[in-house]
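Asks:
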Amino acid sequence: MDSGIKGAPLAAATASGAAGGAPFIRIEDVSKSFGSFQAVRNVSLQITKGEIFALLGGSGCGKTTLLRMLAGFETPTSGRIFIDGQDMTGIPAYERPVNMMFQSYALFPHMSVEKNIGYGLKHDRMTDAQRKDRVREMLDLVQLTPFAHRKPHQISGGQRQRVALARALARQPKLLLLDEPLAALDKKLREHTQFELTNIQHKTGVTFVVVTHDQEEAMILSDRMAVMDKGRVMQVGSPTDIYEFPDSRFVAGFIGSITFFEARVRSVSGATALVEVPAMQTCVTARAVPGLAEGALVTLALRPEKITLSRARPEAANAFSGVVHDLGYFGKDSLYKIALPDGTTVSVNSVNARRSGESGRVAVWEDAVWLSFEPDAAILLTA
Amino acid sequence: MNRRPTFLLTVLCFGFAFLYVPIVSMMVFSFNSSRLATIWGGFSTKWYGKLLENDQILAAAKLSVEIALISATLSTILGTMAGIALARFRRFRGRMMLSGMVTSPLIMPDVITGISLLIFFIMLKEYTGWPAQRGFTTVTLAHISISLTYVTTVIQSRLSQADLSIEEAAMDLGSRPWQVMKDITLPIIAPAILSGWLLAFTISLDDVVVTSFATGPGTTTLPILIWSKVKLGVTPDINALATIIVAVVAVAVLVTGIAVNRAERRRDRDARLAYQANE
Chain A
1 MDSGIKGAPL
11 AAATASGAAG
21 GAPFIRIEDV
31 SKSFGSFQAV
41 RNVSLQITKG
51 EIFALLGGSG
61 CGKTTLLRML
71 AGFETPTSGR
81 IFIDGQDMTG
91 IPAYERPVNM
101 MFQSYALFPH
111 MSVEKNIGYG
121 LKHDRMTDAQ
131 RKDRVREMLD
141 LVQLTPFAHR
151 KPHQISGGQR
161 QRVALARALA
171 RQPKLLLLDE
181 PLAALDKKLR
191 EHTQFELTNI
201 QHKTGVTFVV
211 VTHDQEEAMI
221 LSDRMAVMDK
231 GRVMQVGSPT
241 DIYEFPDSRF
251 VAGFIGSITF
261 FEARVRSVSG
271 ATALVEVPAM
281 QTCVTARAVP
291 GLAEGALVTL
301 ALRPEKITLS
311 RARPEAANAF
321 SGVVHDLGYF
331 GKDSLYKIAL
341 PDGTTVSVNS
351 VNARRSGESG
361 RVAVWEDAVW
371 LSFEPDAAIL
381 LTA
Chain B
384 MNRRPTFLLT
394 VLCFGFAFLY
404 VPIVSMMVFS
414 FNSSRLATIW
424 GGFSTKWYGK
434 LLENDQILAA
444 AKLSVEIALI
454 SATLSTILGT
464 MAGIALARFR
474 RFRGRMMLSG
484 MVTSPLIMPD
494 VITGISLLIF
504 FIMLKEYTGW
514 PAQRGFTTVT
524 LAHISISLTY
534 VTTVIQSRLS
544 QADLSIEEAA
554 MDLGSRPWQV
564 MKDITLPIIA
574 PAILSGWLLA
584 FTISLDDVVV
594 TSFATGPGTT
604 TLPILIWSKV
614 KLGVTPDINA
624 LATIIVAVVA
634 VAVLVTGIAV
644 NRAERRRDRD
654 ARLAYQANE
């Protein structure tokens, strides 16, 4: 095992954020089959040192299998994984510079909090005093010093999660894997823990790979993420990239809510494209994407918060009309369901910026309304 | 609405009576001063005294305990290994066969197990010259083979309930497989190992059928001795012996029961306190 992860005090760990040029983790064309089931198909990813990288997808999309291959619990059927330039093929889990925080936390029930955190250190060449210091340092990091002598069943769920984190970080891994780190916590604790995780990552500088099915969790935690479906990586990018510039219907639909329209390309001129949308009974301009051809069928996607609602016909270039079919009041905003003449339903979010109550609504049931959006807000999808 | 509890209570009483009246009557008659097992002749503890003077019974009891200790320990070791293999290695060649073979003795009649062991020992002697004589060794081996099933089942079911990721976590933290076994798996299944051992011990201690096939001249375990004595008529000293056995078993069960109960209650209380303090 590399000596770099052994014994060095926490402060010596690399400062976070300083993303170097060469990829720290390279996943090269990795596939994994269980019998006839292909869990992971030809995945290639590059993860930079010190970043929080999320693997996002529904259940059965292969994200957990990919994580377990990084940890060494599963062997790729084909392809290779490199961590810090070292080929991981044939290296068992106990010799990898990788630690994992399990979804169930997997704390050792017969050991105290302190013993749990110190367990991995007994394999490292260090004196007892160093080991004790390290455990104390980790207890301090996750603010569990008063609970050092408790057993796992004597602490709360949130504390268990922190023990699991401290235990996984104690050996100063080059890579920390987190399997659904927040899934077992209640809503209030999640929000707190999300920021705490980011905080700890910044303090330690360890590269995090987080597996999650929760898009919000991935958005908040990660620097970059990969959206997976049926064993394949659909798109890799920053949370903003993925949300604002999805490049497939799957990714656009998986993250946030969105309305899809069938459209046909009329013309492309520089950065914008003119497309005809039958459901809107008009032509609209949208930000052009690579691969548009005149006359081709594409999908136009609109997010609810990017659409403006008004009674009178707006000045904006992209405007179309419909009838309020349904509406829901959520306090800070309202969600409108607008029915278009051809029966398509469009979701529109409208922020309740003024304190106006029922009477201040833009529209109520069965009102005829105009919808408009900026060309930049429309997403064109060719896939 | 009062009828159902009455009915249930009656059934309950009958059930308990069915289970315990024979045992209680046996215990009562062990204090009978009369020689005749079924006629009450006044209270006496003389049969207990006689029992202590009976070298034959004491020797048989000692032999039974020795065989039970050895066979329980060996079958616990073997059963733990088999249980771990079956619970942890999901896919390996011959898993189905091993699983079937380990559990089939549960439904195999004792007589058949006994006969097959007898034939096996005779053949073994013919070809290898060992064991030269049926006795202590063959009885111990026979007991291991019948109690192994139970130990394996107990260990396997405990392990299949346990969270597999705990072992993975230990491996992830740098422990080799044998260290995982020592640090994590064995401590977690320790209660199951203990109860498996106790089960094997009691199975060995009270077995008559298989033992009678596997034993040879001069090796008389307690159940075999009682069995052969009873054939000549139930005597009060056998009642006394049985009463002692029942008392010992009852105390052991009570003590373990209380200990387990207490540990569970403490655990619950700790967990509750932890939540109250932190939520």
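For the record, the sequence lines run as chains A and B. Every letter in the first sequence is one number past the one before it in our numbering, and letter 369, counting from 1, is 369. Take any residue in the second sequence, note its place counting from 1, add 383, and you have its number in our numbering. Cβ coordinates follow ideal geometry from the N, Cα and C atoms, glycine included. Computed from a prediction, not measured in an experiment: that's the story for all the values here.
1. Which residues of the segment 108-120 of chain A have a Cβ closer than 8 Å to any Cβ of chain D? Give them in chain order.
2. State yes or no: is the C-beta of Asp-651 (chain B) within less than 8 Å of the C-beta of Leu-434 (chain B)?
3. Would you call Arg-476 (chain B) buried or exposed, if buried means 16 or more other Cβ atoms sit within 10 Å of its Cβ?
4. First and last residue of the beta strand (DSSP E) that includes Ala-54 (chain A)?
5. Where does Asp-450 (chain A) fall in DSSP's three states?
6. Closer than 8 Å, Cβ to Cβ, to anything on chain A: give me those residues from the segment 567-584 of chain B, in chain order.
7. Is there contact here, the segment 557-564 of chain B with the segment 426-433 of chain B, by at least three beta-carbon pairs under 8 Å?
8. Compute the minimum distance between the beta carbon of Glu-244 (chain A) and the heavy atoms of the ligand SAM, and state whether it is under 7 Å.
9. Please identify, using Cβ separations under 7 Å, the residues of the segment 119-150 of chain A that lie next to chain B, in order along the chain.
10. Would you please state the rounded distance, in angstroms, between the beta carbons of Val-534 (chain B) and Thr-463 (chain B)? I believe it to be under 8 Å.
11. Can you give me, in chain order, the residues of the segment 94-107 of chain A that have a beta carbon less than 7 Å from any beta carbon in chain B?
12. 8 Å is my cut-off, CB to CB: does Ile-549 (chain B) come that close to chain A?
13. Please report how far the alpha carbon of Gly-322 (chain A) lies from the alpha carbon of Thr-212 (chain A), in whole angstroms.
14. So if I threshold CB-CB distances at 9 Å, which residues from the segment 61-81 of chain A count as touching chain B?
15. Report the residue from B:Trp-423, B:Lys-612, B:Ser-587 whose alpha carbon sits nearest the alpha carbon of Val-411 (chain B).
16. Quick one: give me the first and last residue of the alpha helix (DSSP H) that Tyr-533 (chain B) is part of.
17. Rounding to the nearest angstrom, what Cα-Cα distance links Ala-288 (chain A) and Ala-271 (chain A) in this structure?
18. Flag Ser-540 (chain B) as yes if its beta-carbon sits less than 8 Å from any beta-carbon of chain A, otherwise no.
19. Between A:Val-324, A:Thr-77, A:Leu-70, which has its C-alpha nearest Phe-37 (chain A)'s C-alpha?
20. CA-CA distance, Arg-387 (chain B) and Tyr-403 (chain B)?
21. Could you tell me whether any Cβ in chain B is nearer than 8 Å to the Cβ of Gln-161 (chain A)?
22. Can you tell me whether DSSP reads Ile-255 (chain A) as helix, strand or coil?
23. Just to confirm, is the Cβ distance from Ile-641 (chain B) to Thr-568 (chain B) under 8 Å?
24. For chain B, is any of its Cβ atoms less than 8 Å away from the one on Arg-26 (chain A)?
25. If you draw a straight line from the alpha carbon of Ala-630 (chain B) to that of Thr-532 (chain B), how long is it in whole angstroms?
26. Compare the beta carbon distance of Leu-169 (chain A) and Met-219 (chain A) with 8 Å and say whether it is the shorter of the two.
27. Enumerate in chain order the residues of its own chain whose CB-to-CB distance from Thr-89 (chain A) is below 7 Å, with the five nearest sequence positions on each side excluded.
28. Can you tell me which of the three DSSP states Thr-240 (chain A) falls into?
29. State buried or exposed for Arg-517 (chain B), treating a residue as buried only when at least 16 other CB atoms are found within 10 Å of its CB.
30. Using 8 Å as the Cβ pair cut-off and three pairs as the minimum, do the segment 33-47 of chain A and the segment 189-201 of chain A touch?
31. In chain B, which residues lie with their C-beta within 8 Å of the C-beta of His-153 (chain A)?
32. Can a CB atom of chain A be found closer than 8 Å to the CB of Met-480 (chain B)?
33. Under 8 Å between C-beta atoms, does Arg-171 (chain A) make it to chain B?
34. Short of 8 Å in beta carbon distance, which residues of its chain neighbour Glu-114 (chain A), apart from the five on each side in sequence? Order them along the chain.
35. Closest to Pro-304 (chain A) by CA distance: which of A:Gly-291, A:Val-346, A:Asp-342 is it?
36. Going by DSSP, what residues sit across from Lys-337 (chain A) in a beta bridge?
Replies: With the structure as the only source:
1. Chain labels in this structure do not include chain D; the protein chains are A and B.
2. The count along the second sequence starts at 1 and reaches residue 651 (chain B) at position 268. The count along the second sequence starts at 1 and reaches residue 434 (chain B) at position 51. Not in contact: Asp-651 (chain B) and Leu-434 (chain B) (Cβ atoms no closer than 8 Å).
3. Residue 476 (chain B) sits at position 93 when you count from the first residue of the second sequence. Around the beta carbon of Arg-476 (chain B), fewer than 16 other beta carbons lie within 10 angstroms, which makes this residue exposed.
4. Numbered from its first residue, the first sequence carries residue 54 (chain A) at position 54. Annotation: the continuous beta strand (DSSP E) that includes Ala-54 (chain A) extends over 52-56.
5. Residue 450 (chain A) lies beyond the residue range present for chain A, which begins at 1 and ends at 383; the question has no answer from this structure.
6. Of all residues in the segment 567-584 of chain B, only Ile-567, Pro-570, Ile-571 come within less than 8 Å of chain A when Cβ atoms are compared, listed by chain position.
7. Too few Cβ pairs lie closer than 8 Å, so no.
8. The model on display carries no ligand, and the ligand SAM is accordingly not part of it.
9. Along the segment 119-150 of chain A, going in chain order, the ones with a CB nearer than 7 Å to a CB of chain B are Tyr-119, Gly-120, His-123.
10. Within the second sequence, residue 534 (chain B) is the residue found at index 151, counting from 1. Within the second sequence, residue 463 (chain B) is the residue found at index 80, counting from 1. Correct: roughly 7 Å between the Cβ atoms.
11. Per Cβ criterion, the list reads Tyr-94, Asn-99, Met-100, Phe-102, Ser-104, Ala-106.
12. Reading the second sequence from its first residue, position 166 is the one you call residue 549 (chain B). Closer than 8 Å: yes.
13. Locating residue 322 (chain A) in the first sequence gives position 322, where the first residue counts as 1. Locating residue 212 (chain A) in the first sequence gives position 212, where the first residue counts as 1. Distance between the alpha carbons of Gly-322 (chain A) and Thr-212 (chain A): 38 Å.
14. Per Cβ criterion, the list reads Arg-68, Ala-71, Gly-72, Phe-73.
15. Counted from its first residue, the second sequence places residue 411 (chain B) at position 28. That would be B:Trp-423, whose Cα lies nearest to the Cα of Val-411 (chain B).
16. Mapped onto the second sequence, residue 533 (chain B) falls at position 150. Taken as a continuous stretch (DSSP letters only), the alpha helix (DSSP H) holding Tyr-533 (chain B) covers 519-544.
17. As a first step, residue 288 (chain A) must be located in the first sequence, where it is residue number 288. As a first step, residue 271 (chain A) must be located in the first sequence, where it is residue number 271. Rounded to whole angstroms, Ala-288 (chain A) to Ala-271 (chain A) spans 5 Å at the Cα level.
18. Numbered from 1 along the second sequence, position 157 holds the residue referred to as residue 540 (chain B). It does not: the Cβ of Ser-540 (chain B) has no partner Cβ on chain A nearer than 8 Å.
19. Locating residue 37 (chain A) in the first sequence gives position 37, where the first residue counts as 1. Nearest in C-alpha terms to Phe-37 (chain A), of all of A:Val-324, A:Thr-77, A:Leu-70, is A:Thr-77.
20. Residue mapping note: residue 387 (chain B) aligns to position 4 of the second sequence, counting from 1. Residue mapping note: residue 403 (chain B) aligns to position 20 of the second sequence, counting from 1. Separation of Arg-387 (chain B) and Tyr-403 (chain B) (C-alpha to C-alpha, rounded to the nearest whole angstrom) is 24 Å.
21. By one-based count along the first sequence, residue 161 (chain A) stands at place 161. Answer no: the Cβ-Cβ gap between Gln-161 (chain A) and chain B never drops below 8 Å.
22. The residue given as residue 255 (chain A) occupies position 255 in the first sequence. Coil at Ile-255 (chain A), not helix or strand.
23. One-based indexing of the second sequence puts residue 641 (chain B) at position 258. One-based indexing of the second sequence puts residue 568 (chain B) at position 185. The answer is no: Cβ separation not under 8 Å.
24. Locating residue 26 (chain A) in the first sequence gives position 26, counting from the first residue. For Arg-26 (chain A), the closest Cβ of chain B is not nearer than 8 Å.
25. The residue given as residue 630 (chain B) occupies position 247 in the second sequence. The residue given as residue 532 (chain B) occupies position 149 in the second sequence. Those two C-alpha atoms are separated by around 27 Å.
26. Residue mapping note: residue 169 (chain A) aligns to position 169 of the first sequence, counting from 1. Residue mapping note: residue 219 (chain A) aligns to position 219 of the first sequence, counting from 1. Against a cut-off of 8 Å, the Cβ pair of Met-219 (chain A) and Leu-169 (chain A) comes out as no contact.
27. Walking along the first sequence from the start, residue 89 (chain A) turns up at place 89. Once the five neighbours on either side are set aside, the close Cβ partners of Thr-89 (chain A) are Arg-80.
28. Taking the first residue of the first sequence as position 1, residue 240 (chain A) is located at position 240. Residue state, collapsed to three classes: helix.
29. Taking the first residue of the second sequence as position 1, residue 517 (chain B) is located at position 134. Arg-517 (chain B) should be labelled buried.
30. With fewer than three CB-CB distances shorter than 8 Å, the segment 33-47 of chain A does not count as touching the segment 189-201 of chain A.
31. Position 153 of the first sequence, counting from 1, holds the residue named residue 153 (chain A). Result: Arg-650, Asp-653, Ala-654, Ala-657.
32. Indexing the second sequence from 1 puts residue 480 (chain B) at position 97. Taking Cβ atoms only, chain A never reaches closer than 8 Å to Met-480 (chain B), which makes this a no.
33. Translated into positions along the first sequence, residue 171 (chain A) becomes position 171. At least one CB atom of chain B sits nearer than 8 Å to the CB of Arg-171 (chain A).
34. Taking the first sequence and counting its residues from 1, one reaches residue 114 (chain A) at position 114. If we look at Glu-114 (chain A) and ignore the five residues flanking it on each side, its Cβ neighbours are Val-135, Leu-139, Ala-148, His-149.
35. In the first sequence, the residue the question calls residue 304 (chain A) occupies position 304. Taking Pro-304 (chain A) as reference, the option from A:Gly-291, A:Val-346, A:Asp-342 with the minimal CA-CA separation is A:Val-346.
36. Taking the first residue of the first sequence as 1, we reach residue 337 (chain A) at position 337. Here Lys-337 (chain A) is bridged, per DSSP, to A:Asp-326, A:Ser-347.
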